[in-house]
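Residue numbering for the sequence shown follows UniProt numbering, starting at 1 and increasing by one per position. Below is one structure, written out as C-alpha cells; comments come after it.
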Amino acid sequence: MYVKYPEELIEEIRMSNDIVDVVSEYVKLEKKGKNYFGLCPFHREKTPSFSVDNTKQMFYCFGCGKGGSVIQFIQNIENLEYIEAIRFLAERVRITLPEGESEEEKKRALKIQKIIKINTDAARFFYEQLNAPGNSEARQYLARRKVSESIAKKFGLGYSTNDWDSLYKYLKSKNYSDEDLADSGLVIARKDGNGFYDRFRGRLMFPIFDLRGNVIGFGGRVLDDSLPKYMNSPETLVYNKRKNLYALNFAKNSSEKRIIVVEGYMDVISLYQFGIINTVASLGTALTESQGRLLKKYAEEIIISYDADTAGQEATMRGLNLLNDIGCNVKVLLIPKGKDPDEFIKSNGAEAFRKLVDNALTLVEYKIKMLKKQIDTATIEGKINFLNRAADIIAKINNSVEQEMYIKKISADYGISQESMFAEVIKRIKPKGNFKPTVKVEQPKVAKKEKNNQATEDNLAYYERMVLSLLCIDNSLYKKIEDKIDLEFFTLEENRKVAEIIFNKIKDKKGIVPAELLNLVSNESANIFARLIQGECNFEDNLRAILDIIKKIEGIKLDKRQKEILSMISSQKNKEDVEKLKEELKNILIRKKSM
Numbered sequence: 001m002y003v004k005y006p007e008e009l010i011e012e013i014r015m016s017n018d019i020v021d022v023v024s025e026y027v028k029l030e031k032k033g034k035n036y037f038g039l040c041p042f043h044r045e046k047t048p049s050f051s052v053d054n055t056k057q058m059f060y061c062f063g064c065g066k067g068g069s070v071i072q073f074i075q076n077i078e079n080l081e082y083i084e085a086i087r088f089l090a091e092r093v094r095i096t097l098p099e100g101e102s103e104e105e106k107k108r109a110l111k112i113q114k115i116i117k118i119n120t121d122a123a124r125f126f127y128e129q130l131n132a133p134g135n136s137e138a139r140q141y142l143a144r145r146k147v148s149e150s151i152a153k154k155f156g157l158g159y160s161t162n163d164w165d166s167l168y169k170y171l172k173s174k175n176y177s178d179e180d181l182a183d184s185g186l187v188i189a190r191k192d193g194n195g196f197y198d199r200f201r202g203r204l205m206f207p208i209f210d211l212r213g214n215v216i217g218f219g220g221r222v223l224d225d226s227l228p229k230y231m232n233s234p235e236t237l238v239y240n241k242r243k244n245l246y247a248l249n250f251a252k253n254s255s256e257k258r259i260i261v262v263e264g265y266m267d268v269i270s271l272y273q274f275g276i277i278n279t280v281a282s283l284g285t286a287l288t289e290s291q292g293r294l295l296k297k298y299a300e301e302i303i304i305s306y307d308a309d310t311a312g313q314e315a316t317m318r319g320l321n322l323l324n325d326i327g328c329n330v331k332v333l334l335i336p337k338g339k340d341p342d343e344f345i346k347s348n349g350a351e352a353f354r355k356l357v358d359n360a361l362t363l364v365e366y367k368i369k370m371l372k373k374q375i376d377t378a379t380i381e382g383k384i385n386f387l388n389r390a391a392d393i394i395a396k397i398n399n400s401v402e403q404e405m406y407i408k409k410i411s412a413d414y415g416i417s418q419e420s421m422f423a424e425v426i427k428r429i430k431p432k433g434n435f436k437p438t439v440k441v442e443q444p445k446v447a448k449k450e451k452n453n454q455a456t457e458d459n460l461a462y463y464e465r466m467v468l469s470l471l472c473i474d475n476s477l478y479k480k481i482e483d484k485i486d487l488e489f490f491t492l493e494e495n496r497k498v499a500e501i502i503f504n505k506i507k508d509k510k511g512i513v514p515a516e517l518l519n520l521v522s523n524e525s526a527n528i529f530a531r532l533i534q535g536e537c538n539f540e541d542n543l544r545a546i547l548d549i550i551k552k553i554e555g556i557k558l559d560k561r562q563k564e565i566l567s568m569i570s571s572q573k574n575k576e577d578v579e580k581l582k583e584e585l586k587n588i589l590i591r592k593k594s595m
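Here it is, written out as C-alpha cells:
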C-alpha cells in the first residue's frame with residue numbers, strides 16, 4: 001500500500017487517537033468484560049455485535065465482518081481514502097503533517113523544524129558550557145554522582161550558566177528570530193517588554209530526545225539543594241511531556257524484553273552506566289496512557305520502580321493499573337531501605353540490581369502487599385476485611401491457574417480453607433464467555449472447493465495470515481521460528497510484502513503491534529486480519545499454535561506439489577524426467593510421513 005507519510009508518523013497518529021474515544025464519538029459503547037460493544041454503524045442490527053478492543057486498539061464486527069484499527073474505522077465511517085483518514089486523525093490530535101496543503105499547515109511544519117533546530121543548537125551550547133574552563137562546579141557535581149565523561153557525552157548532558165541571557169545571545173547570533181526563540185520555550189520575554197532572558201540558569205541540563213533522535217525539550221537540575229530541584233521545558237509544538245519518555249530512544253534498542261520505568265533522569269543515567277540500558281523515566285508526570293502504549297510497543301514486560309514514600313506508592317499503583325488496563329504485563333521493583341535505583345546500584349552493583357528486577361512483584365502481589373500494610377490483620381475484624389479485599393483483587397485475574405495459585409498462598413498464610421477463599425472469589429466473578437481455545441487450528445471454511453486449486457490457495461493465504469497475526473500479537477515468536485520461514489514461505493504477494501515489513505521491524509527492535517499490521521494491508525485484508533486477531537488467533541500457547549500452523553502450510557504445499565507431479569508423470573514421455581519426478585515424489589511422501 002502506498003503511504004505518503006513516514007510510517008513512524010502514521011504510528012504516532014494512530015497511537016495518539018485512542019480507538020475507544022474515537023469510536024465513542026460515533027457509536028454508543030458499553031463495556032462488557034475487557035472489550036466495548038455497541039450497535040454496528042456499518043450494517044443494521046438489533047443486538048450489538050460491534051466490538052472495540054482497547055488493549056489491541058482494534059475494532060471488529062462479528063455481524064458484517066468489518067474490522068481494523070482506528071484508521072480503518074475513520075475510513076469507513078467518514079467514507080475517506082487512507083491518506084485522508086490519516087489527515088483527519090492528525091488534525092484531531094493536532095499533529096502537524098509534512099507538506100501540508102494549506103498555508104497554515106506549511107507554516108506550522110516550518111515552525112516545528114525551526115524549534116527542533118533551535119533545541120539542537122541549544123543542546124550543543126549547553127554541552128560546550130559543561131566543558132568550559134570556568135564551569136567546573138557542574139563537572140564536579142557529575143564527578144560526585146560518579147557519572148563518567150563518556151556517559152555524559154552519550155546523553156548529551158550540558159550546563160546552563162548563571163548568566164541571565166547567555167543562551168539567548170548565543171541563539172540570536174545564529175540569526176533566530178525572537179518569535180521562534182520564544183516558541184521554543186528556552187527563553188522568556190521580560191515583563192517590561194525589554195528583551196528576553198533564559199529559562200534555564202545555573203542548572204545541569206538533560207536534553208530530551210524523541211524516538212527519531214530529535215531534541216524536543218530539556219530538563220534542568222540545580223547543583224545544590226535549592227528549589228525547584230528540577231525544571232522542564234514547557235509544552236511546545238514539538239514537546240508534550242505526556243506523550244514522551246526520557247531515554248526511550250536508547251531503551252527501545254536494548255535486547256531486553258522488558259523496560260524499567262524510574263522517576264528521575266539520574267536514575268536512568270546511573271543504570272545505563274552500569275549496563276542496565278533498558279530504562280526510561282517519566283517526564284515529571286504520572287504515567288499516561290500515551291506513554292503506556294509506547295512502552296507496550298517496545299517491551300513485553302514493564303517494571304515500575306518509584307520511590308517508596310507514600311506519594312511514590314500512589315504513583316506506582318496508578319501506573320500499574322493504567323498499564324494493566326491497556327494490556328501490559330506489569331511488575332513492581334522494590335528497592336530495600338527506601339533507596340532509589342541510583343543509590344542502590346552504586347552501592348551494590350549491577351548484578352544485585354538485576355536480582356531485584358528478576359524478583360519484581362506482579363501486580364497482584366504488589367496490591368496484596370500494600371493491602372497488608374493498610375490493614376491490621378492481628379484482629380479478627382481486620383483479617384476478615386483483608387481477606388475480603390484480597391478476594392476482590394484475585395477475582396479480577398483472568399487466568400484461572402494464576403487465580404488458584406494466589407488462593408492457595410493466601411489460604412495457607414492466613415489459616416483459611418481454600419474452599420472458603422475460592423467461594424469468595426467465585427462470588428465476585430461474573431460468568432464469562434469467549435473462552436480461549438487450546439492449540440487447535442481448525443481448517444478454514446472454503447465454500448465446497450476443497451478439491452480445486454482455488455481452495456488450496458485460499459487455505460494457504462488463510463494460514464499465512466494466521467502466522468503474520470501471531471507474530472504481531474507476540475513479537476518474541478519470530479526468533480523461535482525464523483529458521484522455518486522466510487519471505488518465499490508466503491505464497492500470497494500481499495502477505496509476502498507484509499512479512500518483509502514485520503521481519504524488518506522485529507529485527508530492528510522497533511516492534512510491531514496488531515493495530516499496525518492493519519495499516520499495511522488493503523481494507524478487505526484488514527477485515528480478515530481483524531477477525532483472526534480478535535478471535536481465531538487467541539491461543540493459550542502461541543508458540544505451539546504457530547508451529548502447528550507452519551506445519552499445516554508445509555503439508556498443503558507438499559500435497560499441491562504431489563498432485564502436480566502425478567499429473568506431470570502421466571503426461572511425461574522422457575524416461576529420465578519421469579525418474580526425477582518419481583524421486584521427488586518419493587521424498588515428498590517421506591517428508592509427509594515424518595510430519
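C-beta: ideal position from N, C-alpha, C; glycine also. Nothing here was measured: the structure is a model prediction, and the numbers come from that model.
Ranked by how close their Cα comes to the Cα of Ile118, the residues Ile151, Pro207, Gly63 and Glu105 have Pro207 in first place. Counting only the Cα atoms, Cys537 lies some 16 Å from Lys551. Between Asp224 and Asp198, the C-beta gap is not smaller than 8 Å, which leaves the two residues out of contact. Within the same chain, Val330 and Leu363 come within 6 Å of Leu320 by CB-CB distance, once the 5 residues on both sides are set aside. Taking the C-beta atoms as reference points, Tyr265 is found no nearer than 8 Å to Ala251. Taking C-beta atoms under 8 Å as the contact rule, Ile86 and Tyr5 qualify, at a distance of about 6 Å. A contact is defined here as three or more CB-CB pairs under 8 Å, and the stretch 466-474 meets this definition with respect to the stretch 531-548. Assignment of Asn232 by DSSP, reduced to helix, strand and coil, places it in the strand class.
Contact between the stretch 377-396 and the stretch 338-356 is absent, with fewer than three C-beta pairs closer than 8 Å. For Ser282, no alpha helix (DSSP H) segment is defined, and its DSSP state is neither H nor E.
Separation of Gly67 and Ser24 (C-alpha to C-alpha, rounded to the nearest whole angstrom) is 16 Å. At the C-beta level, Gly382 and Ile375 come within 8 Å of one another.
Nearest to Leu80 by alpha-carbon distance, out of Asn523, Leu566 and Leu547, is Asn523.
Within the DSSP secondary-structure output, Asn329 pairs in a beta bridge with Glu301. Taking every protein chain shown into account, the CB of Tyr26 has fewer than 16 other CB atoms within 10 angstroms, so this residue is exposed.
In the DSSP assignment, Cys61 forms a beta bridge with Phe50. Rounded to whole angstroms, the separation of the alpha carbons of Asn587 and Ser16 is 53 Å. Secondary-structure assignment with DSSP links Arg258 through a beta bridge to Glu301. Residue pairing by DSSP places Leu361 opposite Val332 in a beta bridge. Judged by beta-carbon spacing, Arg201 lies beyond the 8 Å limit of Arg221, meaning their Cβ atoms are not closer than that value. The beta carbon of Pro98 sits closer than 6 Å to those of Ala109, all from its chain and outside the five residues before and after it, given in chain order. Contact between the stretch 146-163 and the stretch 125-135 is present: three or more C-beta pairs spanning the two stretches fall below 8 Å.
In this chain, the alpha helix (DSSP H) harbouring Ile550 covers Asn542 to Ser571.
In its chain, beyond the 5 residues on either side, Ser417, Gln418 and Met421 have a beta carbon closer than 7 Å to the beta carbon of Ser411. Burial of Lys296 is indicated by the presence of at least 16 other C-beta atoms within 10 angstroms of its C-beta.
Apart from sequence neighbours up to five positions away, the residues of its chain that approach Leu29 with a beta-carbon distance below 8 Å are Val20, Val23, Tyr36, Phe37, Gly38 and Val52, ordered along the chain.
In the three-state DSSP reduction, Lys31 falls in the strand class (E or B).
Under the Cβ criterion (8 Å, minimum of three pairs), the stretch 344-359 does not count as touching the stretch 283-297.
Residue environment analysis places Gln140 among the exposed positions, since fewer than 16 neighbouring C-beta atoms fall within 10 angstroms of its C-beta. Residue state for Gly202 is assigned as coil, using DSSP reduced to three classes. Using a Cβ distance threshold of 8 Å, Gln291 and Arg258 do not count as a contacting pair.
The beta-carbon distance between Val262 and Ser305, rounded to whole angstroms, is 5 Å. This is short enough to meet the 8 Å contact definition.
In terms of Cβ geometry, Ile269 and Phe155 form a close pair [threshold 8 Å].
By the beta-carbon neighbour count (other beta carbons within 10 angstroms, threshold 16), Pro228 is exposed. In the displayed model, Phe490 falls within coil according to three-state DSSP, outside both helix and strand. Boundaries for Arg190: no alpha helix (DSSP H) harbours it, and the DSSP string shows neither H nor E there.
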